[in-house]
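The opening residue of the sequence shown carries number 0 in numbering that gives the first Met the number 0; numbering runs sequentially from there. Glycine is no exception: its CB is placed at the ideal position from the N, C-alpha and C atoms. These figures come from a predicted structure and were not determined experimentally. Report on the following structure.
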Amino acid sequence: MPMLTPFTELALLLMLAAGLGTLGLMLRQPLIVAFIAVGLLAGPSALDIVKADEQIALLSELGIAVLLFLVGIKLDIKLIRSLGIVSIVTGLGQVVFTAFFGYLIGLALGLGHVTSLYVAVALTFSSTIIIVKLLSDKREIDALHGQIALGFLIVQDLVVVLAMVVLSAIGIGAGDHGHGGSVITVLGAGIALVAAVILFVRYAATPLTERLAHAPELLVIFAIALAAAIAAIGDAVGLGKEVGGLLAGVALASTPYRETIAARLAPLRDFLLLFFFIGLGATLDLTLLGSHVTGAVIFSLFVLIGNPLIVLIIMGAMGYRKRTGFLAGLTVAQISEFSLIFVAMGVSLGHVAEDALGLVTMVGLVTIAASTYMITFSHQLYLVFEPWLGVFERKGTPREPHEGAPQAQAGYPVILFGLGRFGTAIALRLKARNIRVLGVDFNPQAVRRARALGIDAEFGDGTDPEFVATLPLSRADWLASSVPVHVTGVSHDDARFTLIQLTRAAGFEGRVAVTSHNPSETEALTRAGADLVLEPFQDAADRAVELLCGAQAEARTEIPEIASEGRAAG
Numbered sequence: 000m001p002m003l004t005p006f007t008e009l010a011l012l013l014m015l016a017a018g019l020g021t022l023g024l025m026l027r028q029p030l031i032v033a034f035i036a037v038g039l040l041a042g043p044s045a046l047d048i049v050k051a052d053e054q055i056a057l058l059s060e061l062g063i064a065v066l067l068f069l070v071g072i073k074l075d076i077k078l079i080r081s082l083g084i085v086s087i088v089t090g091l092g093q094v095v096f097t098a099f100f101g102y103l104i105g106l107a108l109g110l111g112h113v114t115s116l117y118v119a120v121a122l123t124f125s126s127t128i129i130i131v132k133l134l135s136d137k138r139e140i141d142a143l144h145g146q147i148a149l150g151f152l153i154v155q156d157l158v159v160v161l162a163m164v165v166l167s168a169i170g171i172g173a174g175d176h177g178h179g180g181s182v183i184t185v186l187g188a189g190i191a192l193v194a195a196v197i198l199f200v201r202y203a204a205t206p207l208t209e210r211l212a213h214a215p216e217l218l219v220i221f222a223i224a225l226a227a228a229i230a231a232i233g234d235a236v237g238l239g240k241e242v243g244g245l246l247a248g249v250a251l252a253s254t255p256y257r258e259t260i261a262a263r264l265a266p267l268r269d270f271l272l273l274f275f276f277i278g279l280g281a282t283l284d285l286t287l288l289g290s291h292v293t294g295a296v297i298f299s300l301f302v303l304i305g306n307p308l309i310v311l312i313i314m315g316a317m318g319y320r321k322r323t324g325f326l327a328g329l330t331v332a333q334i335s336e337f338s339l340i341f342v343a344m345g346v347s348l349g350h351v352a353e354d355a356l357g358l359v360t361m362v363g364l365v366t367i368a369a370s371t372y373m374i375t376f377s378h379q380l381y382l383v384f385e386p387w388l389g390v391f392e393r394k395g396t397p398r399e400p401h402e403g404a405p406q407a408q409a410g411y412p413v414i415l416f417g418l419g420r421f422g423t424a425i426a427l428r429l430k431a432r433n434i435r436v437l438g439v440d441f442n443p444q445a446v447r448r449a450r451a452l453g454i455d456a457e458f459g460d461g462t463d464p465e466f467v468a469t470l471p472l473s474r475a476d477w478l479a480s481s482v483p484v485h486v487t488g489v490s491h492d493d494a495r496f497t498l499i500q501l502t503r504a505a506g507f508e509g510r511v512a513v514t515s516h517n518p519s520e521t522e523a524l525t526r527a528g529a530d531l532v533l534e535p536f537q538d539a540a541d542r543a544v545e546l547l548c549g550a551q552a553e554a555r556t557e558i559p560e561i562a563s564e565g566r567a568a569g
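What follows is the structure, encoded as structure tokens:
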């Protein structure tokens, strides 16, 4: 192959990334898997087109700085506090369990103490980006298990921060052969940098971002500049670019524009991280990875089974239902991009060999690919494993938000699933007509909000057979669902079809109303047994036309009346 210019090489890599990314999207895989595959394909083991190592390394380092900047700017301790002790206990419990047993597995595989420790710590991190994306796509980010998952993911983010700070501290003075004087100098510089960030947060962050917010493009450039500058300073004083990028994010975390900055930088982060994963894949020699297949399989099974199991055990012991624990546990059945970055830092410090990075990369590819399907089809998996999960649930499930729920014996002509804006509006209008309605939602905040409006509401999931069986279905005339669609297109795996099947199986003999957003869905839902299909946009348009036509008719009748009055007056 002729010598390629760096620009041509980057163009080819981007074309490969777009192609493999499209294939990954069709297979419902996160882009991280496709990007590592690009590196493997473009690396020395395949096409061998990666030659612009310096340019790729520079973009990779900037990507890591932006990634950690976004971690720092999104650190939200308030969410952990709002969810109570479960986030902290589950998050720390999973980290300790995975690190301890991962270390023992590493020793059993003959990896050595230091390598086993690095691999074990890397296995404790789960990908916040992937989990949030998957839960958001399924509309479960506001569900109880989704909120708990977010809580312990934040705990993991804090552990990531601590691990990288410790790793940077271990590497302090390495270039000067570890002399005590250099360690003291670097620690002093680090303290000064932290103090400068604190002063910036206290006196300059908010007024400066408010002024820059008048030009959003300038605000984004400033955020990137701050991330790169503090990362460079952190690297220069020995703390590392990772810690510097994190401190830059913390510097803007208290500003009212942090969400805007994070949203605008997310695409740039994904673009720059492409080069980190390409560089990572390009350094892996596929001929040498065969020796790690056994270890990768064992570690992957440990992450895919062990991590969800420990979350299920902890949440069950704390009084959560087996369904909530199972769905939350599936979210930690993979390792994250931070796992690769963490081990890469160990390689750069000379603590572990590159084959350890290859091992963790293989584990990452397997667990990310598998857990994506596990989270996507979590409800179907629960139905498969439900008969064996009873041991993980305490009687009464004291942590589930049942307090203040209406009595199951009460009769309700209408049972309404989904208490979002549309569902709440329906419930309020039924109540205004003196029709009793029982609202059901799997978002605790939605339940509390509905109760505050005077609506009888209960926490629960319409795809949970056990919960559906406890509802007062025998006294209901209508069962209505305004639950958002969880999938695109018509699929009998979505919540609407499941709800129809479960309520009929539980003996409900009344009529069922569900929402739809296109004609093909309407036909499929009707065939599935829905008696009435609500089309919010079409129904609203019909009502709007009625109002407009009514107003126009009134206007036309008023004009002759006014004219005749004028003639009479004349």
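Measuring alpha carbon to alpha carbon, tell me which residue in 69, 390, 510, 509 is nearest residue 261.
Against the sequence shown, residue 261 aligns to sequence position 262. Nearest option by C-alpha distance: 69.
Give me the DSSP bridge partner(s) of residue 514.
The count along the sequence shown starts at 1 and reaches residue 514 at position 515. According to DSSP, residue 514 bridges with 533.
Report the rounded CA-to-CA distance for residue 531 versus residue 448, giving the unit in angstroms.
Start at 1 with the first residue of the sequence shown, and residue 531 comes out as number 532. Start at 1 with the first residue of the sequence shown, and residue 448 comes out as number 449. About 27 angstroms.
Helix, strand or coil for residue 49? Go by DSSP, reduced to three states.
As a position in the sequence shown, residue 49 is number 50, starting the count at 1. In the structure shown, residue 49 sits in coil (DSSP, three-state: anything other than H, G, I, E or B).
Give the secondary structure of residue 328 by DSSP, where H, G and I count as helix, E and B as strand, and everything else as coil.
Counting from one through the sequence shown, the residue named residue 328 turns up at place 329. Residue 328 falls in the helix class under three-state DSSP.
At which residues does the alpha helix (DSSP H) containing residue 438 begin and terminate?
Within the sequence shown, numbered from 1, the residue matching residue 438 stands at position 439. Per DSSP, residue 438 belongs to no alpha helix (DSSP H); it is in the beta strand (DSSP E), 436 to 440.
Can you list the alpha helix (DSSP H) stretches of 4 or more residues lying completely in the region 187 to 233, in chain order?
Within the region 187 to 233, the complete alpha helix (DSSP H) runs of at least 4 residues are 204 to 211.
Please classify residue 480: does DSSP put it in a helix, a strand, or coil?
Along the sequence shown, one-based indexing puts residue 480 at 481. Looking at residue 480 - three-state DSSP - the assignment turns out to be strand.
With which residues is residue 457 paired in a DSSP beta bridge?
Position 458 of the sequence shown, counted from the first residue, corresponds to residue 457. Partner(s): 439.
Alpha carbon to alpha carbon, what distance is there between residue 207 and residue 272?
Start at 1 with the first residue of the sequence shown, and residue 272 comes out as number 273. Start at 1 with the first residue of the sequence shown, and residue 207 comes out as number 208. Straight-line Cα distance between these residues: approximately 28 angstroms.
Looking only at C-alpha atoms, which of 454, 500, 507 sits nearest to residue 571?
With the chain covering 0 to 569 only, the question about residue 571 has no answer from this structure.
Please list the terminal residues of the continuous alpha helix (DSSP H) segment that includes residue 120.
In the sequence shown, counting from the first residue as 1, residue 120 sits at position 121. Taken as a continuous stretch (DSSP letters only), the alpha helix (DSSP H) holding residue 120 covers 112 to 121.
Give me whichever residues DSSP pairs with residue 416 in a beta bridge.
Within the sequence shown, residue 416 is the residue found at index 417, counting from 1. According to DSSP, residue 416 bridges with 439, 480.
Suppose the cutoff is 8 angstroms on Cβ atoms and the five residues either side in sequence are ignored; what does the same chain contact list for residue 159 look like?
Working through the sequence shown from its first residue, we reach residue 159 at position 160. Counting only Cβ-Cβ distances below 8 angstroms, and skipping sequence neighbours, we find 70, 124, 337, 341.
Nearest CA to the CA of residue 439: which residue from 450, 428, 456?
Position 440 of the sequence shown holds residue 439. Out of 450, 428, 456, 456 has the C-alpha closest to the C-alpha of residue 439.
Would you call residue 202 buried or exposed, if buried means 16 or more other Cβ atoms sit within 10 Å of its Cβ?
Walking along the sequence shown from the start, residue 202 turns up at place 203. So residue 202 ends up on the exposed side.
Is the number of C-beta pairs between the region 214 to 226 and the region 254 to 268 that are closer than 8 angstroms three or more?
Yes, they touch.
Leaving out five residues before and five after residue 345 in sequence, what residues of the same chain have Cβ atoms less than 6 angstroms from its Cβ?
On the sequence shown, position 346 is the one that residue 345 refers to. Only 117, 351 meet the Cβ criterion.
For residue 372, tell me which candidate among 26, 150, 10 has the shortest Cα-Cα distance.
Counted from its first residue, the sequence shown places residue 372 at position 373. For residue 372, the nearest C-alpha among the options comes from 26.
Quick check on the DSSP output: the alpha helix (DSSP H) that includes residue 245 runs from which residue to which?
Residue numbering aside, residue 245 sits at position 246 when the sequence shown is read from its first letter. Taken as a continuous stretch (DSSP letters only), the alpha helix (DSSP H) holding residue 245 covers 240 to 251.
Among 302, 243, 312, 547, which one has its Cα closest to the Cα of residue 325?
Here residue 325 refers to the residue found at position 326 when the sequence shown is read from its first residue. Nearest C-alpha to residue 325: 312.
From residue 57 to residue 275, what does the alpha carbon distance come to, in whole angstroms?
By 1-based counting over the sequence shown, the position of residue 57 is 58. By 1-based counting over the sequence shown, the position of residue 275 is 276. Taking the straight line from one Cα to the other gives about 9 angstroms.
With a cut-off of 8 angstroms, do at least 3 Cβ pairs link the region 380 to 396 to the region 411 to 418?
Not touching, per the Cβ criterion.
Indicate whether residue 166 and residue 127 have their beta-carbon atoms separated by less than 7 angstroms.
Mapped onto the sequence shown, residue 166 falls at position 167. Mapped onto the sequence shown, residue 127 falls at position 128. No, the Cβ-Cβ distance between residue 166 and residue 127 is not below 7 angstroms.
Restricting to Cα atoms, I'd like to know which of 481, 55, 39, 35 is closest to residue 4.
What you label residue 4 is simply residue 5 of the sequence shown in a count that begins at 1. Nearest option by C-alpha distance: 55.
To the nearest angstrom, how far is the alpha carbon of residue 323 from that of residue 428?
Looking up residue 323 in the sequence shown gives position 324. Looking up residue 428 in the sequence shown gives position 429. Distance between the alpha carbons of residue 323 and residue 428: 32 angstroms.
Between the region 232 to 252 and the region 87 to 95, do three or more beta carbon pairs fall short of 8 angstroms?
As far as the Cβ criterion goes, the region 232 to 252 does not touch the region 87 to 95, which means the pair count is below three.
For the alpha helix (DSSP H) containing residue 294, list its first residue and its last residue.
Along the sequence shown, one-based indexing puts residue 294 at 295. Residues 292 to 300.
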